[in-house]
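Worksheet: one structure, shown below.
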Amino acid sequence: MNSFEAKIASQQATGGADLCEDVQGGLDKALKFSWKKDGSSRAAQILVWVGDCPRRTSFCHNGGSGWDSYLSGLPDVPLMIDLINEIKNRGIFLLLSDFTDYVKTMIENIEKIYIADKKQNQVKPVKLNQNDTSSLLKEITEQVNTIIASEFM
Numbered sequence: 000m001n002s003f004e005a006k007i008a009s010q011q012a013t014g015g016a017d018l019c020e021d022v023q024g025g026l027d028k029a030l031k032f033s034w035k036k037d038g039s040s041r042a043a044q045i046l047v048w049v050g051d052c053p054r055r056t057s058f059c060h061n062g063g064s065g066w067d068s069y070l071s072g073l074p075d076v077p078l079m080i081d082l083i084n085e086i087k088n089r090g091i092f093l094l095l096s097d098f099t100d101y102v103k104t105m106i107e108n109i110e111k112i113y114i115a116d117k118k119q120n121q122v123k124p125v126k127l128n129q130n131d132t133s134s135l136l137k138e139i140t141e142q143v144n145t146i147i148a149s150e151f152m
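Next up, the structure:
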């Protein structure tokens, strides 16, 4: 965990010309990681998304073009709905932070995909206290422990 914490602490936030972030591109890259798991493995695969703004397109926000320079989505990565379905279908648990209200629509729409497929146990909200961001690691640890206890024990 120390190397993880050090990596996160070393990052600096930078922004572009609009409010939206490239959540779509980040999830696409995460799915390309070498996720090692064979049929007999009881390892949990968990993807944690932490962000203060939604990804592009109306699937994730209703702010219109004033929020989003790429309202039709980014052309170089798969559609958000396809990425979420791949995460769900591969059995990867998805932890989603609600750091700001800007991400509410995105999180609700992601949860609807899981609920429609009766896999809502695979998507979990991570409550992030804006005044105490150090609570994030504690909250993620609690969610991971809950996943392991409920799914693998």
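Note that numbering that gives the first Met the number 0 has the sequence shown beginning at 0, numbered continuously upward.
We put the beta carbon where it would ideally sit given N, CA and C, even for glycine.
Source: prediction; values computed, not measured.
Ignore the nearest five residues each way along the sequence and tell me which others in I86's own chain have a CB closer than 6 angstroms to its CB. Residue numbering aside, residue 86 sits at position 87 when the sequence shown is read from its first letter. Excluding residues within five positions, the ones whose Cβ falls inside 6 angstroms are L93.
Distance, T104 Cα to D17 Cα: Here residue 17 is taken as the residue at index 18 of the sequence shown, counted from 1. Here residue 104 is taken as the residue at index 105 of the sequence shown, counted from 1. Low per-residue confidence applies at D17: pLDDT is 49, beneath 50, and the placement is therefore not dependable enough to give any value.
Does the distance from the C-beta atom of L95 to that of I83 stay below 8 angstroms? One-based indexing of the sequence shown puts residue 95 at position 96. One-based indexing of the sequence shown puts residue 83 at position 84. Remark: C-beta atoms of L95 and I83 do not approach each other more closely than 8 angstroms.
Which residues does DSSP pair with V76 in a beta bridge? Here the question's residue 76 lines up with position 77 in the sequence shown. For V76, which the question treats as bridged, DSSP gives no partner whatsoever.
Mind checking which residues open and close the alpha helix (DSSP H) that includes K123? As a working mapping, residue 123 is identified with position 124 in the sequence shown. Note, K123: premise wrong, no alpha helix (DSSP H); beta strand (DSSP E) at V122 to V125.
Outcome for K137 when other beta-carbon atoms lying within 10 angstroms are tallied against a minimum of 16: Residue 137 sits at position 138 when you count from the first residue of the sequence shown. Exposed, because fewer than 16 other Cβ atoms sit within 10 Å of the Cβ of K137.
Round the Cβ separation of G90 and Q142 to the nearest angstrom and send it over; I've been treating them as touching at under 8 angstroms. The count along the sequence shown starts at 1 and reaches residue 90 at position 91. The count along the sequence shown starts at 1 and reaches residue 142 at position 143. Wrong, their Cβ atoms sit about 16 angstroms apart, outside the cutoff.
Going by the CB atoms, is the gap between V76 and Q119 shorter than 8 angstroms? By one-based count along the sequence shown, residue 119 stands at place 120. By one-based count along the sequence shown, residue 76 stands at place 77. No, Cβ-Cβ distance for Q119 and V76 is not below 8 angstroms.
How far does the alpha helix (DSSP H) with I112 in it extend, from its first residue to its last? Sequence index remark: in the sequence shown, residue 112 carries index 113 (1-based). Judged by DSSP secondary structure, I112 falls within the alpha helix (DSSP H) whose first and last residues are K103 to A115.
Nearest to D97 by CA position, among V47, I146 and D21, is which residue? Counting from one through the sequence shown, the residue named residue 97 turns up at place 98. The candidate whose alpha carbon is nearest that of D97 is V47.
8 angstroms contact criterion, which V125 and G50 should meet: CB distance rounded: Taking the first residue of the sequence shown as 1, we reach residue 125 at position 126. Taking the first residue of the sequence shown as 1, we reach residue 50 at position 51. Rounded to the nearest angstrom, the Cβ distance from V125 to G50 is 11 angstroms, too far for a contact under 8 angstroms.
According to DSSP, I45 sits in a beta bridge with which residue or residues? Here the question's residue 45 lines up with position 46 in the sequence shown. Beta-bridge pairing links I45 to F92.
From which residue to which residue does the alpha helix (DSSP H) around S9 run? Within the sequence shown, the letter at position 10 stands for residue 9. For S9, no alpha helix (DSSP H) encloses it, and the DSSP letter there is neither H nor E.
Hey, could you find the ends of the alpha helix (DSSP H) G24 is sitting in? Taking the first residue of the sequence shown as 1, we reach residue 24 at position 25. For G24, the uninterrupted alpha helix (DSSP H) segment begins and ends at V22 to L30.
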